[in-house]
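Enquirer: FYI, our numbering numbers position 276 of the sequence shown as 280, with every residue one higher than the one before it.
Glycine included, each C-beta is placed from N, C-alpha and C at the ideal position.
Bear in mind the structure is a predicted one, so any value in this text is a computation, not a measurement.
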Amino acid sequence: MSQKPTVSVLTLGCKVNQYESEAIAEAFEREGFEVLHGDAPCHVYVINTCTVTAESDRKAGQLARRVHSRNPNAYILMTGCFAQVAPQTVAAIAGVDDVCGNTDKLSVVAAAKRLLASGKKSPPEIRVGDVTSAPFEPMAITRFERTRAYVKIEDGCENRCAYCAIPGARGRVRSKPLEDVVREVTNLTRGGCREVVLTGIETASWGRDIPGASLADLLEAVDTIPGIGRIRLGSLDPSLMKKAFVDRIAKLRSLAPHFHISMQSGSSAILAAMKRKYNREQALAGIRRLRGAFTDLELTTDFIVGFPGETDADFAQTLSFAKEAAFLSMHVFSYSKRAGTLAATLPCQVPNAQKKERSAALMALAAELREQRLAHALKTPSRQVLFETYENGMAVGHTDSFLEVAAPSPVPLHSLLRQVRLKAVANGRLLAEIENA
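(1) Taking the beta strand (DSSP E) that Gly123 falls in, what are its first and last residues?
(2) Take Asn440 and list the residues in its own chain whose beta-carbon comes closer than 8 Å to its own, dropping the five residues that flank it on each side.
(3) Buried or exposed: Ser137, going by 16 or more other Cβ atoms within 10 Å of its Cβ?
(4) Indicate whether the contact test is met: 3 or more Cβ pairs, each with one atom in the region 109-120 and one in the region 78-86, closer than 8 Å.
(5) Measure the C-alpha to C-alpha separation of Ala208 and Leu219 and round it to an integer number of angstroms.
(6) Which ranges does the beta strand (DSSP E) cover as unbroken runs of at least 3 residues, wholly within the region 269-332, from first to last along the chain?
(7) Tell me whether Val155 is buried or exposed, calling it buried when 16 or more other Cβ atoms sit within 10 Å of its Cβ.
(8) Between Val336 and the rest of its own chain, which residues show a CB-CB distance below 6 Å, the 5 nearest in sequence each way excluded?
(9) Taking the alpha carbon of Ala329 as the point to measure from, which residue in Asp101, Leu373, Cys352 has its own alpha carbon closest?
(10) I'd like the span of the alpha helix (DSSP H) that includes Asn356, first residue to last.
(11) Among Tyr23, Thr15, Leu434, which residue has its Cα nearest to the Cα of Gly238?
(12) Answer yes or no: do Ala27 and Ala166 have a C-beta to C-beta separation smaller than 8 Å?
(13) Compute the distance between the beta-carbons of Val189 and Val200, then report whether it is under 8 Å.
(14) Val50 and Leu16 - do their beta-carbons sit closer together than 8 Å?
(15) Could you give the distance in angstroms between the alpha-carbon of Gln92 and the alpha-carbon of Ser179?
(16) Evaluate Ala58 with the Cβ neighbour count: other Cβ atoms within 10 Å of its Cβ, from every protein chain shown; 16 or more gives buried, anything less gives exposed.
(17) Hey, Leu303 and Ala381: beta-carbon distance below 8 Å or not?
(18) Given a threshold of 16 other Cβ atoms within 10 Å of its Cβ, counted over all protein chains shown, does Arg236 qualify as buried or as exposed?
(19) Around the C-beta of Arg257, are 16 or more other C-beta atoms found within 10 angstroms, so that it is buried, or is it exposed?
(20) Within its chain, find whatever has a CB closer than 8 Å to the CB of Lys279; leave out the 5 residues flanking it on each side and keep chain order.
(21) Looking at C-alpha atoms only, which residue of Met245, Ala121, Ser419, Lys341 is the closest neighbour of Ala297?
(22) Which residues in the same chain have their Cβ closer than 8 Å to the Cβ of Ala90, if we skip the five residues on either side of it in sequence?
(23) Which partner residues of Asn52 appear in the DSSP bridge assignment?
(24) If you reduce the DSSP assignment to three classes, tell me which class Ile214 lands in.
(25) From Pro127 to Ala68, what does the alpha carbon distance come to, in whole angstroms?
(26) On the premise that Leu421 lies in contact with Leu445, defined as a C-beta separation below 8 Å, what is that separation, rounded to the nearest angstrom?
(27) With DSSP collapsed to three states, give me the class of Gln66.
(28) Smallest Cα separation from Glu314: which of Ala276, Ala436, Thr146?
(29) When the Cα atoms are used, what is the spatial distance from Ala225 to Gly233?
(30) Tell me which same chain residues have a C-beta within less than 8 Å of the C-beta of Gln7, skipping the five on either side of it?
(31) Just the C-alpha distance for Met5 and Met267, rounded to the nearest angstrom, thanks.
(32) Using 8 Å for Cβ pairs, my map puts Thr151 next to Ser419. What's the rounded Cβ distance?
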């Protein structure tokens, strides 16, 4: 091992967790730690947990037990959403030394230093604050992997969807101040970042706690940053896509024509049961506005199948919605009961076998729609690609509309923009030639 104390920050879950883990890793470096990756032997492991599904909880426990079995003398600190909502359960996992929730994640650095100085604790220390009254925790990152950086602009959610445990894990909406977002994105841009994803637990809610502020205001401010590359947004509630918002963002020079719309269902009856803020027709109207405002727009989405009470007719509505929306890709989840949510108490729970059938049918449709969208993209063959990786003589990257493109290249083109000509569709992505290579 290094002469410095070593730490690995392991992440489960969403892009917000990924951002927070990077901020934690940078905080450890400032305190003299060497940051390693994965489950390599370390003095300290920090596991940033998720609780969106029962499987997320299981994975957190499995990961903690694995690193403990491989390195039993290491200190294990658990943070994140599972730690917030079930601290006693997390503290009981073999090898865990410290449990910190979501209110002060950067405190894991000081906790690790205390453990290194004083030794293992039994029982583990539990430091879980009240997320309902917590402020936005100031944190920032200075580095990024590949070409893209995630920047957390918001925490918390007040939507109270019937299936979701996240409000209990993240608390009320808290927005990162506009000037702090602009400063962080400016520094990342100066450091060579070509693409920034502004994300949050409920990204569309940015500014709700700031009088007179809205997400459009923030996007307009970021758009003025000198040298700014592409700006993308995290998952968005379809109810955001009203005419006034779409009209404003369509004027931005840096906003990529790709949006991830968090649909969950295409049935108005199920959306109402889920306590979502929109119905089928409102969501479709928003999608039409986006397609009318952005050239070469692509959309991605999430769907939950098997929500309590979902009938064959409701599921058919989801299938037809997906076809009409023409999504580039779809994340498909089977409904999972979460303790403390309204949906867990509802009658007419859908059998697991039926959930599996519907999930398979929706994923098959997703594959068909992707092929259709990729074939459609060939009609506009000249595109600009930001290359990210290199594999087997092929440079791989994405267009601004998030089409994955692979092109032959004798050398890696990491973080470079190149004009390409799309040639064919193969294995779920586009093949291209680099123009003027």
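Expert: So, from the listed chains and residues:
(1) Careful: Gly123 lies outside any beta strand (DSSP E) and carries neither H nor E.
(2) In chain order, Gln423 place their CB closer than 8 Å to the CB of Asn440, counting only its own chain and leaving out the 5 sequence neighbours on each side.
(3) Around the Cβ of Ser137, a 10 Å sphere holds fewer than 16 other Cβ atoms; the residue is exposed.
(4) They touch, by the three-pair rule.
(5) Spanning the two alpha carbons is a distance of roughly 7 Å.
(6) Uninterrupted beta strand (DSSP E) stretches at least 3 residues long and entirely within the region 269-332 occur at 302-309, given in chain order.
(7) With 16 or more other Cβ atoms within 10 Å, it is buried.
(8) Cβ neighbours of Val336 beyond the five flanking positions: Phe307, Ser363, Leu366, Met367.
(9) Distance check between Ala329 and each of Asp101, Leu373, Cys352 places Leu373 closest, using alpha-carbon atoms only.
(10) Looking at the DSSP string, the run of the alpha helix (DSSP H) that includes Asn356 is 356-381.
(11) When C-alpha distances from Gly238 are compared across Tyr23, Thr15, Leu434, the shortest belongs to Tyr23.
(12) Annotated as distal: Ala27 and Ala166, with beta-carbon spacing of 8 Å or more.
(13) The beta carbons of Val189 and Val200 sit closer together than 8 Å.
(14) Between Leu16 and Val50, the CB-CB gap reaches or exceeds 8 Å.
(15) When rounded, the distance between both Cα atoms is 29 Å.
(16) So Ala58 ends up on the exposed side.
(17) No, these two residues do not count as a Cβ contact at 8 Å.
(18) So Arg236 counts as buried.
(19) Exposed: under 16 other Cβ atoms inside 10 Å.
(20) Once the five neighbours on either side are set aside, the close Cβ partners of Lys279 are Asn163, Arg164, Cys165, Ala166, Leu346.
(21) That would be Met245, whose Cα lies nearest to the Cα of Ala297.
(22) Excluding positions up to five away in sequence, the list reads Thr55, Asp61.
(23) Among the bridge pairs identified by DSSP, Asn52 is matched with Thr15, Thr83.
(24) Residue state, collapsed to three classes: coil.
(25) Roughly 16 Å separates the two Cα atoms.
(26) A question about residue 445 goes unanswered here, because the residues of the chain that appear run from 5 up to 441.
(27) Gln66: helix per DSSP, three-state reduction.
(28) The shortest Cα separation from Glu314 among Ala276, Ala436, Thr146 belongs to Ala276.
(29) Spanning the two alpha carbons is a distance of roughly 14 Å.
(30) No residues qualify anywhere along the chain.
(31) Because Met5 carries a pLDDT of 44, less than 50, the predicted location of this residue cannot be relied on, and no value is offered for it.
(32) 5 Å between Cβ atoms; contact.
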